[in-house]
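Some notes on the structure that comes next.
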Amino acid sequence: MNIDLQIPASSELRAVARVDGSALLVTLEGQADLRTKATLDGLLGKVHLLAVERKAPEVKLDLRAVEFMNSSCIKSLVTWIGDAQDAAPTGAYAITLMGSSAVHWQTRSLEALSGLADIVRIDVQ
Amino acid sequence: MNVRTVLGAGIAVTLAAFGFLAWGAWLTAKSFESVSNVELELQRNVGTIVHLDEVLTMSARMGAATGDRRWEARYRKYEPELDKAIKGAMALAPDAAAATAETDAANVALIELENQSFERSRAGDAEGARKVLFSDEYERQKAIYAKGASQTNAAIERKIDSELIKHRQNALLLSIGAAFALVMLSLGWIMVLRFLRRTEDSRRQAEQEALSARATATAKEKEMEIAAKIQTQILPREPNVTGASVAAAMVPASEVGGDYYEVIPVEDGSWIAIGDVSGHGISAGVVMLMVQSAFASIVRQDPHIAPSRAVDILNRTLFENLRRRLRSDDHVTLTVLRYYPDGRLVWAGAHEDMLVFRAQSGSCERLRTPGTWIGAVENVGRATVDSSAELRPGDVLVLHTDGITEAPRGGERFGMDRLQAVVEGAARGSAESVRAAVVSELSGWMDRQEDDFTVVVVKHGVEAAPSVAA
Chain A
631 MNIDLQIPAS
641 SELRAVARVD
651 GSALLVTLEG
661 QADLRTKATL
671 DGLLGKVHLL
681 AVERKAPEVK
691 LDLRAVEFMN
701 SSCIKSLVTW
711 IGDAQDAAPT
721 GAYAITLMGS
731 SAVHWQTRSL
741 EALSGLADIV
751 RIDVQ
Chain B
276 MNVRTVLGAG
286 IAVTLAAFGF
296 LAWGAWLTAK
306 SFESVSNVEL
316 ELQRNVGTIV
326 HLDEVLTMSA
336 RMGAATGDRR
346 WEARYRKYEP
356 ELDKAIKGAM
366 ALAPDAAAAT
376 AETDAANVAL
386 IELENQSFER
396 SRAGDAEGAR
406 KVLFSDEYER
416 QKAIYAKGAS
426 QTNAAIERKI
436 DSELIKHRQN
446 ALLLSIGAAF
456 ALVMLSLGWI
466 MVLRFLRRTE
476 DSRRQAEQEA
486 LSARATATAK
496 EKEMEIAAKI
506 QTQILPREPN
516 VTGASVAAAM
526 VPASEVGGDY
536 YEVIPVEDGS
546 WIAIGDVSGH
556 GISAGVVMLM
566 VQSAFASIVR
576 QDPHIAPSRA
586 VDILNRTLFE
596 NLRRRLRSDD
606 HVTLTVLRYY
616 PDGRLVWAGA
626 HEDMLVFRAQ
636 SGSCERLRTP
646 GTWIGAVENV
656 GRATVDSSAE
666 LRPGDVLVLH
676 TDGITEAPRG
686 GERFGMDRLQ
696 AVVEGAARGS
706 AESVRAAVVS
716 ELSGWMDRQE
726 DDFTVVVVKH
736 GVEAAPSVAA
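Note that the protein sequences, when read in sequence, are chains A and B. Residue numbering for the first sequence follows this note's numbering, starting at 631 and increasing by one per position. Residue numbering for the second sequence follows this note's numbering, starting at 276 and increasing by one per position.
If you want it as structure tokens, here you go:
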């Protein structure tokens with residue numbers, strides 16, 4: 631079942647959220663750069679609130695279809711990971727970043743993101 | 276909708292309304308004047324009819340009584356005038372035609388009797404002449420005449436009253452129309468004035484916003500100037516590294532992106548660092564200064580420190596400053612490398628993949644920079660490891676920031692493959708020639724520069740005059 635995240639539509643970056651077992655699965659597609667940073671910030675903020683409200687044990691962020699992400703948007707991911715860490719213990723949830731080894735930015739950035747906190751793990755295919 | 280259109284429309288509607296009202300008032304006045312004229316003419320005619328009837332009756336009776344022919348002459352003079360007056364009344368008041376016709380018929384009968392009287396008088400029959408004029412028939416016709424005149428008069432008055440009522444109604448309608456038009460025009464002009472006030476307010480607001488935007492732009496330019504100074508003036512000057520030649524370039528974007536590189540020669544080789552602050556502008560410049568100062572202090576204090584340990588200390592310092600003191604959410608991608616003159620290379624910290632051109636094979640290897648970024652979390656020790664490689668004479672190490680691989684042309688990015696091809700094409704030359712080739716190829720390829728870009732080239736086994744450009 632899809633969840634309406636109520637974020638402004640962006641033709642460059644699109645998101646679909648749904649419940650996947652006990653986890654919340656958010657799939658992103660498109661380009662994440664300065665033009666879409668506000669959209670990404672809004673999206674990750676909503677995802678965080680949703681995960682805490684629903685007491686979801688895990689949020690999976692599928693980034694495989696995100697062809698490009700610049701440093702400003704990566705910073706948004708860092709901030710989100712920080713928020714998830716700060717939500718512990720009552721609102722704690724794990725983060726799985728799903729990526730593709732064929733996408734350059736993902737090969738170098740996802741590993742670094744996973745090193746930021748124990749709650750983050752990566753699933754690169 | 277612009278001011279000129281609104282004002283033009285308002286004035287046009289106002290003029291049209293006033294024109295319509297003036298035309299209506301003129302029509303009413305003209306019509307009223309016409310009714311008044313008809314009324315006066317009718318009243319004059321009725322008076323003339325009554326008057327001339329008395330004149331003719333008196334003339335006829337005096338003629339009969341005195342036998343004086345001058346009374347007949349007087350009678351003949353006024354008789355056509357009475358006829359003319361009766362015909363005039365019939366023409367002016369068709370509604371009173373029946374009554375006027377009765378008057379006319381009685382008049383004809385009276386004239387007939389009066390002519391009979393004149394004939395008898397001329398024949399010397401004074402008594403006969405008098406009898407005709409005082410006969411019952413004459414009195415009857417006189418009564419019919421008087422009644423007809425009275426009815427004509429009443430019909431005329433009714434007609435005039437009716438006309439006056441009609442004109443009063445028209446005048447009332449005109450007044451209501453004028454009042455309505457006045458109200459609508461007042462409302463219309465209130466709307467026009469409000470529109471003008473709103474337009475004026477918008478214009479003032481736009482002016483204020485333009486002024487504010489100019490002030491912000493000026494402040495931003497100033498900030499960029501300071502940030503660019505911090506970023507470029509803190510770069511290493513002529514690094515002289517034992518065992519290698521080094522060439523580097525950093526090209527800031529118009530909005531400084533926070534690129535950083537460092538080369539610190541030590542007694543047995545050199546420390547090299549490359550990184551990118553996640554923010555932009557002067558705050559990125561300040562973070563870069565922190566990294567530069569802390570890194571220089573750490574490796575000058577202990578040139579033999581493990582790169583992973585240096586990264587860990589740097590992270591703790593930066594985390595304390597950024598997250599705890601400045602409440603900033605910036606972080607830094609950073610790789611620090613220890614280079615030894617014998618070709619050993621040890622590094623730690625996550626940044627971009629590094630390229631190593633192998634002179635023997637003529638192609639590049641990509642070296643990963645595992646670990647995580649600094650400044651975002653308190654402890655990166657878990658993820659930070661030392662990695663190592665060995666350079667052989669003629670090998671070229673190329674470090675870069677994402678401003679190179681992510682440089683755009685349309686929807687395309689420069690990418691690692693193009694960078695690798697450029698390095699492989701130029702690496703047989705000097706470190707400087709590799710640096711120049713990367714800058715030149717990239718500058719010619721991209722259609723806009725969105726971010727700073729930095730390249731650091733270390734050619735092992737060939738000591739040469741160092742080259743640094745910014």
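Where is the CB? At the ideal position from N, CA and C, for every residue including glycine. Predicted model only: the values in this text are computed from it and were never measured.
Residue burial classification, residue i (beta-carbon count within 10 angstroms, cutoff 16)
i	result
E681 (chain B)	buried
S309 (chain B)	exposed
M459 (chain B)	exposed
N632 (chain A)	exposed
A696 (chain B)	exposed
S568 (chain B)	exposed
L331 (chain B)	buried
E347 (chain B)	buried
T659 (chain B)	buried
G624 (chain B)	buried
N428 (chain B)	buried
M629 (chain B)	buried
V521 (chain B)	buried
I549 (chain B)	buried
V383 (chain B)	exposed
F594 (chain B)	buried
D748 (chain B)	Nothing can be reported for residue 748 (chain B): it is not among the residues displayed for chain B, which extend from 276 to 745.
Test: residue i CB closer than 7 Å to a CB of chain A
i	result
V586 (chain B)	no
N544 (chain B)	First, the amino acid is wrong: residue 544 (chain B) is Gly here, not Asn. No, no contact with chain A.
G646 (chain B)	yes
H606 (chain B)	yes
S553 (chain B)	yes
A559 (chain B)	no
A651 (chain B)	yes
A502 (chain B)	no
A522 (chain B)	no
A658 (chain B)	yes
A625 (chain B)	yes
Minimum Cβ-Cβ distance from residue i to chain B less than 7 Å
i	result
V708 (chain A)	yes
L643 (chain A)	no
K676 (chain A)	no
A742 (chain A)	yes
L746 (chain A)	yes
S731 (chain A)	no
K705 (chain A)	yes
S652 (chain A)	no
Host beta strand (DSSP E) of residue i (start-end)
i	result
K690 (chain A)	E688 to M699
A381 (chain B)	Here A381 (chain B) belongs to no beta strand (DSSP E); instead the alpha helix (DSSP H) covers A372 to R397.
R751 (chain A)	V750 to V754
I725 (chain A)	A724 to G729
V649 (chain A)	L643 to D650
Q661 (chain A)	A653 to A662
Y614 (chain B)	V607 to Y614
S334 (chain B)	Taken as a continuous stretch (DSSP letters only), S334 (chain B) belongs to no beta strand (DSSP E), being part of the alpha helix (DSSP H) at V278 to T341.
S739 (chain A)	S739 (chain A) -> not in any beta strand (DSSP E); alpha helix (DSSP H) instead, spanning H734 to S744.
V730 (chain B)	F728 to H735
Residue i, enclosing alpha helix (DSSP H) - first and last residue
i	result
A401 (chain B)	A401 to L408
V714 (chain B)	A706 to W720
L679 (chain A)	K667 to E683
L510 (chain B)	Neither: L510 (chain B) is in no alpha helix (DSSP H) and is coded neither H nor E.
Min CB distance residue i to chain E below 7 Å
i	result
S640 (chain A)	Among the protein chains in the structure shown, which are A and B, there is no chain E.
At 3 residues or longer, what runs of the beta strand (DSSP E) sit wholly inside the stretch 540-589 of chain B? 544-552
Any contact between the stretch 502-522 of chain B and the stretch 533-545 of chain B? By contact I mean 3 or more CB pairs, one from each, below 8 Å. Enough Cβ pairs lie closer than 8 Å, so yes.
How about the stretch 647-657 of chain B and the stretch 598-615 of chain B: do they share at least three Cβ pairs that are nearer than 8 Å? yes
For the stretch 691-702 of chain A and the stretch 655-671 of chain A, state whether three or more C-beta atom pairs, one from each stretch, are separated by less than 8 Å. yes
Minimum length 3: unbroken beta strand (DSSP E) runs contained in the stretch 622-667 of chain B: Fully enclosed beta strand (DSSP E) runs of 3 or longer: 629-633, 638-642 and 662-665.
Check whether the stretch 400-412 of chain B touches the stretch 368-380 of chain B, counting contact only when three or more Cβ pairs, one atom from each stretch, lie closer than 8 Å. no
Counting Cβ pairs closer than 8 Å, one from the stretch 278-291 of chain B and one from the stretch 679-693 of chain B, do we hit at least three? no
Kindly confirm or deny that the stretch 659-668 of chain B and the stretch 635-650 of chain B touch, where touching means at least three C-beta pairs closer than 8 Å. yes
Would the stretch 729-738 of chain A and the stretch 432-441 of chain B be scored as touching if the rule is three or more Cβ pairs under 8 Å? no
In chain order, which alpha helix (DSSP H) runs of at least 4 residues are fully inside the stretch 410-437 of chain B? none
Does the contact criterion of 3 or more C-beta pairs under 8 Å hold for the stretch 397-411 of chain B versus the stretch 356-368 of chain B? Touching, no.
Report yes or no: do three or more beta-carbon pairs, one from the stretch 287-307 of chain B and one from the stretch 443-459 of chain B, lie closer than 8 Å? Contact between the stretch 287-307 of chain B and the stretch 443-459 of chain B is present: three or more C-beta pairs spanning the two stretches fall below 8 Å.
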